[in-house]
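Student: The structure follows.
Numbering (the numbering used here), first residue to last: 16 to 352.
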């Protein structure tokens, strides 16, 4: 039975992506626990001690035993919290890897069945040493934040409450680093499962970007590579974030919050409409022209990407071309109707 690209799009960009996001969230929660709440408590207790000791939050501290005790207490708290976070995060990410790989295999088989009407048995896949090593690397990220925070918590570095707050914030950023590394590692594991399906079926790999992906990820949407092949490195729709001559990449993730995936694909499969690789590229064009973006990506970068879209693509759908031209002319994107 011929596939319909809109059905495949819904499967991979909604159902499958939601399942990966759920696993990411569960793993991040297990990895960080109540770290944010504990840092909130540390901020409150430290502020109270500062006000009691020096009269106000904005007061400049007097050098001496009182200041030394406050700084020492914060150093001890930071060390305790991050020393506890290290093994907790390592174990949580490591323990999630088998489920992530299995999820990739499951989703690859589901996609294969939806696109071709045929199922496929895939041998049980073990977590590779490369994935296990990647999971363990979270310890380096935590150690970096610990070192930077403790360096700030030394005599001569702290004279104001804001100095303490900066040091605590540096330590607290370990939580964001853990969450980002969790997303990166889970993404790699899911794609390992997907690649195993493509390999077992002797099929190519098709790059699928998230619906609201960044300008870098959208540059890969709809591209194909062999199972053992590579994708070009450094691609981006924004010329300023493009890296010409970058080394080829095996596949996603492109960055730590990337939820791109490569799915098993054959151009021999029949479609009831637009071929799926073309549908993915058109969806990327639409996203660029309409300025669909996350809060972390700038509007200016999206406008540059829209300009590049008009410069390089000469068969855009009329509505997409009109939106892109308006964005380039006005420097902003119209709200979707």
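Quick reminder that beta carbons are idealized off the backbone N, C-alpha and C, glycines included. Every value quoted in this text rests on a predicted model; they were computed, and no experiment measured them.
(1) Over the uninterrupted beta strand (DSSP E) stretch that includes residue 77, give me the two end residues.
(2) Note the first and the last residue of the continuous alpha helix (DSSP H) segment covering residue 5.
(3) Please check if any C-beta of chain B sits within less than 8 angstroms of the C-beta of residue 69.
(4) Residue 321 lies in the alpha helix (DSSP H); which residues open and close that run?
(5) Please check the pair residue 75 and residue 200, which I expect to be a contact at CB under 8 angstroms, by giving their CB distance rounded to whole angstroms.
(6) Within its chain, find whatever has a CB closer than 8 angstroms to the CB of residue 105; leave out the 5 residues flanking it on each side and keep chain order.
(7) Rounded to whole angstroms, how far is the Cβ of residue 277 from the Cβ of residue 220, which I believe are closer than 8 angstroms?
(8) So for residue 291, helix, strand or coil by DSSP?
(9) Are residue 46 and residue 107 touching if we call contact CB-CB under 8 angstroms?
(10) How about residue 17 and residue 224: do their beta carbons lie closer than 8 angstroms?
(11) Quick one: what's got a C-beta closer than 7 angstroms to residue 245's C-beta in the same chain, skipping five residues either side?
(12) Output the boundary residues of the alpha helix (DSSP H) element that contains residue 65.
(13) Expressed to the nearest angstrom, what Euclidean distance is found between the alpha-carbon atoms of residue 115 and residue 44?
(14) For residue 142, which three-state DSSP category applies?
(15) In terms of residues, what are the limits of the beta strand (DSSP E) holding residue 219?
(16) So, helix, strand or coil for residue 373, using DSSP?
(17) Here's the rule: buried if 16 or more other CB atoms are within 10 angstroms of the residue's CB, otherwise exposed. What is residue 386?
(18) From 339, 48, 340, 25, pick the residue whose C-alpha is nearest to that of residue 190; which is it?
(19) If we count the other Cβ atoms within 10 Å of its Cβ and call it buried at 16 or more, is residue 302 buried or exposed?
(20) With distances taken Cα to Cα, identify the nearest neighbour of residue 243 among 281, 217, 131, 82.
(21) Can you tell me where the beta strand (DSSP E) holding residue 333 begins and where it ends?
(22) So within the stretch 99 to 173, which uninterrupted alpha helix (DSSP H) runs reach at least 4 residues, ignoring any that extend past its ends?
(23) Mark residue 268 as exposed unless 16 or more other C-beta atoms lie within 10 angstroms of its C-beta, in which case mark it buried.
(24) Return the first residue and the last residue of the beta strand (DSSP E) that residue 276 is part of.
(25) Using the Cβ count rule (16 or more neighbours within 10 Å means buried), how would you classify residue 79?
(26) For residue 325, which residues from the same chain have a beta carbon less than 8 angstroms from its beta carbon, with the 5 sequence-adjacent residues on both sides left out?
(27) Could you work out which residue in 36, 165, 231, 19 is closest to residue 182 when comparing CA atoms only?
(28) If distances are taken between C-alpha atoms only, which option among 251, 258, 272, 226 comes closest to residue 196?
Tutor: Checking against the coordinates, here is how it stands:
(1) Here residue 77 belongs to no beta strand (DSSP E), and DSSP marks it neither H nor E.
(2) Nothing about residue 5 can be reported from this structure: the residues present for the chain run from 16 to 352 only.
(3) In the structure shown, chain B does not exist; there is a single protein chain.
(4) 314 to 327 is the extent of the alpha helix (DSSP H) around residue 321.
(5) Not really, about 44 angstroms apart at Cβ, beyond 8 angstroms.
(6) Same-chain partners within the cutoff: 150, 151, 153, 154.
(7) Sure, about 4 angstroms apart at Cβ, within 8 angstroms.
(8) DSSP places residue 291 in helix when its eight states are reduced to three.
(9) With contacts defined as CB atoms closer than 8 angstroms, residue 46 and residue 107 qualify as a contacting pair.
(10) In this structure, the beta-carbon distance from residue 17 to residue 224 does not fall below 8 angstroms.
(11) Taking residue 245 as the centre and dropping the five residues before and after it, the same chain places the C-beta of 263, 264, 265 closer than 7 angstroms to its C-beta, in chain order.
(12) For residue 65, the enclosing alpha helix (DSSP H) stretches over residues 50 to 69.
(13) If I take the Cα positions, the gap works out to 16 angstroms.
(14) Three-state DSSP puts residue 142 in coil, outside helix and strand.
(15) Unbroken beta strand (DSSP E) run through residue 219: 219 to 223.
(16) Because the chain spans 16 through 352 in this model, residue 373 falls outside it and cannot be assessed.
(17) Beyond the ends of the chain as shown, which are 16 and 352, falls residue 386; an answer cannot be given.
(18) When each option's Cα is compared against that of residue 190, the closest is 48.
(19) Buried, by the Cβ-count rule.
(20) Of 281, 217, 131, 82, the residue nearest in Cα terms is 217.
(21) For residue 333, no beta strand (DSSP E) segment is defined; the enclosing uninterrupted segment is the alpha helix (DSSP H) at 333 to 345.
(22) Secondary structure in the stretch 99 to 173: the alpha helix (DSSP H) runs of 4 residues or longer, each lying completely within the stretch, are 144 to 151, 153 to 167 in chain order.
(23) Around the CB of residue 268, 16 or more other CB atoms lie within 10 Å, so the residue is classed as buried.
(24) DSSP places residue 276 in the uninterrupted beta strand (DSSP E) bounded by 276 to 280.
(25) Classified as exposed, residue 79 has fewer than 16 neighbouring CB atoms from the shown chains inside 10 Å of its CB.
(26) Taken in chain order, the residues that qualify are 331, 336, 339, 340, 343.
(27) That would be 165, whose Cα lies nearest to the Cα of residue 182.
(28) The shortest Cα separation from residue 196 among 251, 258, 272, 226 belongs to 272.
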